[in-house]
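All remarks here apply to the structure that follows.
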Amino acid sequence: MAKYKFLQPYTFKNGVQIKNRIVIPPMTEASALQDGTVSMDELRYFDLHTGGAGMFIVPVANVSENGKGFEGELLLLTINFCQA
Ligand SMILES: Cc1cc2nc3c(=O)[nH]c(=O)nc-3n(C[C@H](O)[C@H](O)[C@H](O)COP(=O)(O)O)c2cc1C
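This note's numbering puts the first residue of the sequence shown at 298, with every later residue one more than the last.
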C-alpha cells in the first residue's frame, strides 16, 4: 500500500512549516475594493476555504499602481494594502 504524505507537515527551506501538504491553488475571486485593498468579502472567502489546508495561495494580484488588470484585482504594493 502506498505511503501517502499529504497529511504530514512540510518545512520549506526558509524554515516556514505548514501543518500538511494540502494546498489551495490561486483562484481569482475579483473581490478586492476599488483601490485594490482586501475586502471583508475576500477575507470571508479566504476563511471559508482555508479550513484544513496547510497552505492557501492568494489569487492574481498586481504589484504596481498602473498594473491593474480588472476590477476587484488585489493590489500588493506594500504590506499596508494587505491589512483590512
Ligand atoms: C476559476 C479559476 C481561477 C483561477 N485563478 C488563478 C489565479 O488567480 N492565479 C493563478 O496563478 N492561477 C489561477 N488559476 C489556476 C489554478 O490555480 C490552477 O493552477 C489550475 O486550476 C490548474 O490546477 P491543477 O494543476 O491542479 O489542475 C485559476 C483556476 C481557476 C479554475
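The beta carbon of each residue, even a glycine, is placed where N, CA and C say it ideally should be.
In its own chain, leaving out the 5 sequence neighbours on each side, no residue places its CB closer than 6 Å to the CB of residue 368. The C-beta distance from residue 372 to residue 332 rounds to 7 Å, short enough to meet the 8 Å contact threshold. Put simply, of 305, 337, 364 the residue whose alpha carbon is nearest the alpha carbon of residue 318 is 305.
The alpha carbon of residue 321 has as its nearest neighbour, out of 328, 308, 343, the alpha carbon of 343. Taking residue 329 as reference, the option from 358, 364, 352, 345 with the minimal CA-CA separation is 358. Residue 339 is classed as buried because its beta carbon has at least 16 other beta carbons within 10 Å across all chains shown. For secondary structure counted as the alpha helix (DSSP H) over 4 or more consecutive residues, the stretch 336–381 holds these complete runs in sequence order: 337–347.
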